[in-house]
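Everything below concerns the one structure shown next.
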Amino acid sequence: MTRKIHIGIAVLAAAFITSGCVSTSEFEKMQEGKNAEIQSLQKQKTALEEQKAALENQTSALVGQKSELEQKNMATQQQVGSLEQQKAALLAASQERQKQYDALVLSLSKEVEKGQLQVRQYKDMLSVDLAEQIFFDSGRAALKAGGKDVLKKVGDALKGYENKIIRVVGHTDNVPIAKALQDTFPTNWELSVARATNVVRFLQEVGIPPERMVASGRSEYDPVAANDTPEGRQKNRRIEIMLIDKSLSDEIKKSNK
């Protein structure tokens with residue numbers, strides 16, 4: 027473009043000079059004016075090219091931001107979907123636990139009414155608390171005949187919970203073992219473990235697989251009432267049968283390794 031303008035100026039200049047229409051000084055002024063116009067146009071061209079480059083950079087940045095936002099939005103949607111699934115799973119698990127609790131209470135309702143046992147519900151487990159006096163004589167670990175009848179009903183009720191680990195825990199009050207029995211049970215530790223073990227063995231006899239059961243004793247160290255009254259000590263002498271989800275039991279095992 028610039029070259030064409032220069033050629034045009036040269037042709038005009040030659041024509042004007044030849045015809046004598048303008049003087050040399052006037053021609054030089056005209057040439058300077060044209061050169062100024064050329065420079066102005068070149069600057070405008072450069073400015074436009076810079077603006078174009080800036081717009082292209084902005085466009086590229088916006089495209090990148092759009093892509094990043096789309097990825098974040100997709101990740102957020104996936105997280106929302108995952109949380110909704112977890113929420114649905116928790117709700118289903120809660121409903122299932124409530125259903126199991128209701129079924130267990132119904133199957134043992136007569137024993138509950140008689141005060142022979144109590145069914146409780148925790149966040150992730152169910153518990154059947156057996157009254158000690160029905161199942162054992164004082165300071166003894168052998169199951170009484172009447173206790174076996176009740177425990178058989180408990181065992182029959184627990185057979186259907188194949189997805190549960192059954193943990194049997196023996197508890198005592200804080201009264202020391204009588205001297206006449208200390209050769210067999212030196213302390214309440216041994217008595218609580220022996221009682222839990224005998225309950226587990228009986229439940230195995232009525233058909234609960236032994237690999238689903240755990241026997242343990244807490245002695246006097248997990249009371250549910252104060253040991254300073256006969257009523258409180260009676261509440262503390264108990265057998266606790268806990269139904270724990272296998273998945274939770276597996277997590278506990280892993281954490282203990």
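To get my numbering, take the position in the sequence shown, counting from 1, and add 26. Ideal placement from N, C-alpha and C gives every residue a C-beta, glycine not left out.
With respect to the 8 Å criterion, Leu-156 and Arg-264 are classified as neighbours on the basis of their beta carbons. By the neighbour-count definition (other C-beta atoms within 10 Å, threshold 16), Thr-198 is a buried residue.
Taking C-beta atoms under 8 Å as the contact rule, Gly-181 and Val-232 qualify, at a distance of about 4 Å.
Along the stretch 223-276, the beta strand (DSSP E) occurs as fully enclosed runs of 3 or more residues at 239-245 and 264-271, listed in sequence order. C-alpha of Ala-79 to C-alpha of Lys-71: approximately 12 Å in a straight line. In the DSSP assignment, Gln-84 falls within the alpha helix (DSSP H) that extends over 50-133. 8 Å or more divides the Cβ of Asn-224 from the Cβ of Leu-184. For Lys-178, the enclosing alpha helix (DSSP H) stretches over residues 171-184. Nearest to Ala-204 by alpha-carbon distance, out of Ser-49, Leu-177, Gly-165 and Leu-229, is Gly-165. Looking at the backbone, the Cα of Thr-102 and that of Gln-91 are separated by about 16 Å.
Contact between the stretch 189-198 and the stretch 264-273 is present, with at least three C-beta pairs closer than 8 Å. Taking 8 Å as the cut-off, the Cβ atoms of Gly-243 and Val-195 count as close.
The beta carbons of Gln-144 and Val-138 sit about 7 Å from each other, so the pair counts as a contact at 8 Å.
For Ser-164, the three-state secondary structure derived from DSSP is coil. In this model, Leu-217 and Asp-209 are separated by some 11 Å (Cα to Cα).
If you ignore the 5 residues before and after Lys-178, its C-beta comes within less than 6 Å of the C-beta of Val-232, all in its own chain and listed in chain order. Between Val-176 and Gln-142, the CB-CB gap stays under 8 Å. Taking the Cα of Tyr-247 as reference, the smallest distance to any Cα among Trp-215, Arg-221, Ala-115 and Ile-234 is reached at Trp-215. With a 10 Å radius around the Cβ and a threshold of 16 neighbouring Cβ atoms, Asn-262 comes out buried. Counting of Cβ neighbours within 10 angstroms places Leu-130 among the buried residues, the total reaching 16 or more. If the five residues before and after Arg-221 are omitted, its C-beta is found closer than 7 Å to the C-beta atoms of Phe-162, Ala-167, Gly-196 and Ile-265, all from its own chain and listed in chain order.
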